[in-house]
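A.B. asks:
In our numbering, the protein residues as written are 26 to 325.
1) Is residue 316 near the ligand GDP, in the sense that its beta carbon is under 7 Å from a heavy atom of that ligand?
2) Which residues bound the beta strand (DSSP E) around residue 173?
3) Take residue 127 and list the residues in its own chain whose beta-carbon comes closer than 6 Å to its own, dropping the five residues that flank it on each side.
4) Do residue 242 and residue 207 come within 8 Å of each other at the CB atom, strictly closer than that value?
5) Check this for me: beta carbons of residue 303 and residue 323, under 8 Å apart or not?
6) Out of 132, 86, 201, 172, which has the shortest C-alpha to C-alpha gap to residue 99?
7) Report, in whole angstroms, the separation of the C-beta atoms of residue 93 and residue 254, which I expect to be a contact under 8 Å.
8) Does the stretch 262 to 278 come within contact of the stretch 145 to 163, defined as at least 3 CB pairs closer than 8 Å?
9) Under a Cβ-count criterion, where at least 16 other Cβ atoms within 10 Å of its own Cβ denotes burial, should residue 133 be classed as buried or exposed?
10) Taking 6 Å as the limit between beta carbons, can you name the residues of its chain near residue 186, skipping five residues before and five after?
11) Within a Cβ cutoff of 7 Å, which residues of the same chain sit near residue 261, ignoring the five residues on either side of it in sequence?
12) Give the straight-line distance between the Cα atoms of residue 252 and residue 205, rounded to the nearest whole angstrom.
13) Going by alpha carbons, who is nearest to residue 287 out of 104, 90, 110?
14) Buried or exposed: which applies to residue 181, given that a residue is buried once 16 or more other Cβ atoms fall within 10 Å of its Cβ?
15) For residue 279, which option in 178, 124, 250, 300 has the closest C-alpha, if you only look at C-alpha atoms?
16) Quick one: grab the DSSP three-state call for residue 257.
17) Can you give me the C-alpha to C-alpha distance between residue 325 and residue 86, rounded to a whole angstrom?
18) Starting from the C-beta of residue 244, find all residues in its chain whose C-beta is less than 8 Å away, skip the five residues before and the five after it, and write them out in chain order.
19) Please classify residue 107 as buried or exposed, where buried requires at least 16 other C-beta atoms within 10 Å of its C-beta.
20) Name the two residues that bound the continuous beta strand (DSSP E) containing residue 246.
Right under this line is the structure:
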């Protein structure tokens with residue numbers, strides 16, 4: 026059977042492929058030969074022949090699409106190479122508002138700390154609190170160990186504006202629409218106490234996170250765009266699409282991890298701009314690589 030470079034192989038030899046190609050292809054081929062994955066049609070060749078043909082078609086699709094994904098992610102990585110990091114004078118802006126100033130705004134704009142589950146439900150019913158979606162075009166929420174994704178409406182407005190501006194800057198640089206990651210939101214008294222035992226950076230007294238006005242955004246990790254960076258063409262092997270899209274997202278996040286300092290700078294300059302507009306107060310934490318921020322005024 027002719028494959029890459031016009032060579033002929035009598036079996037599915039994957040030794041010539043890079044490791045990530047082989048891992049994906051192996052899992053796909055196992056699925057393809059599982060009964061029920063490629064249903065037989067009347068008049069088709071015997072099952073063994075069908076499985077071999079389908080697997081060979083899948084191999085071609087995977088090789089072609091993986092090459093396209095790799096080329097795209099390599100091109101994204103190259104764009105980052107000349108981009109400037111945050112300068113010390115820019116980082117100094119994040120020291121302007123300390124915990125006490127953020128705490129004053131949190132008390133003025135947020136809810137009383139320590140609400141019960143019933144009180145949280147009632148506040149959401151009244152529209153004084155909203156639950157954040159776990160995944161949007163602008164952000165993803167990673168596993169929250171010591172908080173719940175509930176905020177005052179102004180914080181959701183703030184997050185949307187941050188995401189819109191961040192992705193606008195990325196677009197200007199011909200970069201894909203990476204999403205930021207939210208790592209901490211509303212904490213109960215118990216959450217704050219538990220967090221203090223494992224995170225020395227957690228506030229010793231009352232935290233701004235207890236008023237539903239404050240969130241943490243990671244600057245060491247960014248999520249892949251909501252839409253794939255490559256339009257996958259699976260041909261007749263349509264069941265490959267979600268697998269290949271997952272690989273594309275994973276490889277894109279690998280680039281984001283490698284270029285996190287550049288992305289940190291792009292996001293940081295958006296936050297500096299919005300802080301100067303009086304919309305947010307931001308601290309760049311060091312022990313935990315996050316932008317800790319409190320909404321500074323009511324936002325529509």
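All C-beta atoms, glycine included, are put in the ideal place defined by N, C-alpha and C.
C.D. replies: For this structure:
1) Absence of the ligand GDP from the depicted structure is noted, as is the absence of any ligand whatsoever, leaving it without description.
2) Taken as a continuous stretch (DSSP letters only), residue 173 belongs to no beta strand (DSSP E), as it is neither H nor E.
3) 233, 306, 319
4) yes
5) no
6) 201
7) Actually they are not in contact, since the Cβ atoms of residue 93 and residue 254 sit about 10 Å apart, beyond 8 Å.
8) no
9) exposed
10) none
11) 82
12) 14 Å
13) 110
14) buried
15) 250
16) coil
17) 48 Å
18) 285, 288, 289, 292, 293, 309, 314, 315, 316
19) exposed
20) 239 to 248
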